Amino acid sequence: MYQQHASTPGARAWLGLLVVLGPVLLVSMDGSILFLAMPRISGALAPTAEQALWILDVYGFAVGSLLIAFGDLGDRYGRLRLLMIGTAVFGLASAAAAFVPDAGLLIAARALMGVAGATLLPSALAVVSELFADPRRRAQAIGIFAAAFAAGFAIGPVLGGVLLESFWWGSVFLVNLPVVAVFLVLAPVLLGEVRATRPGRVDVTSVVTSAAGLLLAIYALKRVAAEGLSLLPVLAALTGAVLLVWFATRQRRLRHPLMDFSLFGDRTFTVAIVTGLLPLAAWSATAYLAGVYLQSVLGLAVLHAALLALPGAAVLTLTCIITPAVVDRIGKRTTLLVCHLSIAAGLLLLLPTTVHGGAGWYIASTVVAGLGYGLSFALVADTAVGAVPPERAGAAGAIAETSNEIGNALGIALLGSLAALVFRLQGPAFAPTLGETLQIPELTATQADDAKSAFVVGLHAAVAVASLLHVVLGVLASRWLPRQSKSNSSPSPGAPADLAEREAR
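Read the sequence shown against the numbering used here and you will find it ends at 1228, with the numbers running on by one and no gaps.
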């Protein structure tokens, strides 16, 4: 009895968790907070079609491409130290982003925010793990961590819409500063330093090649979608592909790789990682495109558009919280199948939207798909983190969050580029984006309707492709995952209790 009481976390541990959740919310929230703000930013800074996409997703690419490296650095040099430095830089970059005078500088500020964000997630998860000695309490804390991360993605567009109703577009960045200040004051008091003995050195070559290869490949896709096929994007695509292949090959040869690709030999782990990537890709792309649809096509005020997103955000957050209980009841295999099929069904509910109406279809889509998104966020956190060796707590968090962040950026880059390509081919050919087209002074009402119709066709193409991919992934999950994966019969490696026990050892 005494031992159980001694292992019960005190108020300081829970306060420490609360403090850590601040930066976690900011990192995930800033991946989506611009979705409703882009029409305002486009009006103020007049970015090109390519710059508009980079403003949205350079943040996600910076976070995703550096998470593994910073997880490794935190293991070696101290996770709390990295958290403090990263949070301070994140705050400074946010303040800079709020006052930049042009689109190029906003892209640079967003990239710096992404670099700082990459320092936060893996170290934050490791610090949370150290706060709780009892495995069950630790599992609860990690579940809260995953729910907060998911909630940040969900509430980002809503918060952005509320701020834009009363303030200028830069306010969506300044909202980060109070959270940053509270963390920097309280973290040294409530949190302790955490290190792990790691062999070898950080492989800088792997960090550079993975980031450069990814950015070059996405740059090529954006350029082709916005301007058509030409020599420069073809060369960029080939160079990016070569770098990514070299990165993967190099990891297999290194004694201490930046990313252990051997983990993907396990089908359950592979499905979990793809589940972390694809739903975020679908969610980010549809959230961005739907935000433009609601404001620029239907003509809704930004606050009205934000309120329409509330039901889906509530379903997503609640589902993420109750997912462990759902997995206990129906098993991980069935949960993954429900996850992907509900996302696919929710995306298809956007197909009936038209130039003249569709707000109701949008709400229904976010609610149905939100169920699947919530399931996916929680499942990835459990399965992927639990599959990584316990001595690599920082890198474990990095692998779990990398799939989310890369998915968030890839969704806008790939599905957003697909929608842009359809608009360029179907639209009135006055400008490469709907926002730029509608700002042309001599545009007639008929031409404006044609531009809006072309955008809706692009939206439909993007959601149809995303829905099909989710059906395919759901089928693979049902075929690859073992039938008996309920925690009450045979605990899976990613189950929260098992994760906590691994970390306790």
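Just so it is clear, CB atoms sit at the ideal spot from N, CA and C, and this is done for glycine as well. For clarity, every value in this text was computed on a predicted model and none was experimentally measured.
Chain-order list of residues whose beta-carbon lies under 6 Å from that of residue i (same chain, five-residue window excluded)
i	result
G739	L854, L913 and L914
L1039	A877, G1093, Y1096 and G1097
V930	A792
C1043	A870, A873, G1097, F1100 and A1101
S1007	N1131, G1134 and I1135
G1069	S1088, V1091 and A1092
P1151	Q1170, D1173 and A1174
T731	Model confidence at T731 stands at a pLDDT of 47, short of 50, so the residue's coordinates are unreliable; what they give is reported in the following sentence. Excluding positions up to five away in sequence, the list is empty.
M752	G875 and G879
V1049	T1058
G999	V1103, S1126 and N1127
L1071	S1190
Sequence-distant residues of the same chain with beta carbon closer than 7 Å to residue i, five excluded per side
i	result
V838	A785 and L789
A935	L966
L1001	G1130, L1192, H1193 and L1196
G733	none
L1161	S1019, A1171 and A1174
A671	For the chain, the structure presents residues 724 to 1228; residue 671 sits outside this window and is missing.
Which of helix, strand or coil DSSP assigns to residue i
i	result
F987	helix
G773	As written in the sequence, residue 773 is Glu, which differs from the Gly given in the question. Three-state result, E773: helix.
G739	helix
S678	Only positions 724 to 1228 of the chain appear in this structure, which leaves residue 678 out of reach.
V1050	helix
P746	helix
I1163	coil
S755	coil
G733	coil
F1146	helix
L1102	helix
A1116	With a pLDDT of only 48 at A1116, under 50, the local geometry of the prediction cannot be trusted, and the value read off the model is given with reservation. If DSSP states are grouped into helix, strand and coil, A1116 belongs with the helices.
H1063	helix
L1072	coil
M807	helix
A1154	coil
G951	coil
L1133	helix
D780	helix
L887	helix
L981	coil
Close beta carbons around residue i, own chain, < 8 Å, minus the five adjacent residues each side
i	result
I778	L757, M761, I764, P770, A826, L829, I830 and R833
W892	A760, R763, I764 and A767
I1086	L1031, P1034 and G1035
V742	V905, F906, L909, A910, L913 and L914
P746	L806, G809, T810, F813, L843, A847, V902, V903 and F906
S889	none
Enclosing alpha helix (DSSP H) for residue i [first to last residue]
i	result
H1079	Premise fails: H1079 is in no alpha helix (DSSP H) and is neither H nor E.
I764	M761 to L768
L907	N899 to L913
H1183	A1168 to W1203
P956	L954 to R976
Residue i Cβ short of 6 Å to the ligand SAM heavy atom set
i	result
L1199	For the ligand SAM, the structure offers nothing, since it holds no ligand at all.
Residue ranges of each alpha helix (DSSP H) run of no fewer than 4 residues wholly in the stretch 990-1061, ordered along the chain? You should have 990-1015, 1025-1031 and 1033-1053.
Segments of 4+ residues assigned as alpha helix (DSSP H) that fall wholly inside the stretch 809-862
The qualifying runs are 826-854.
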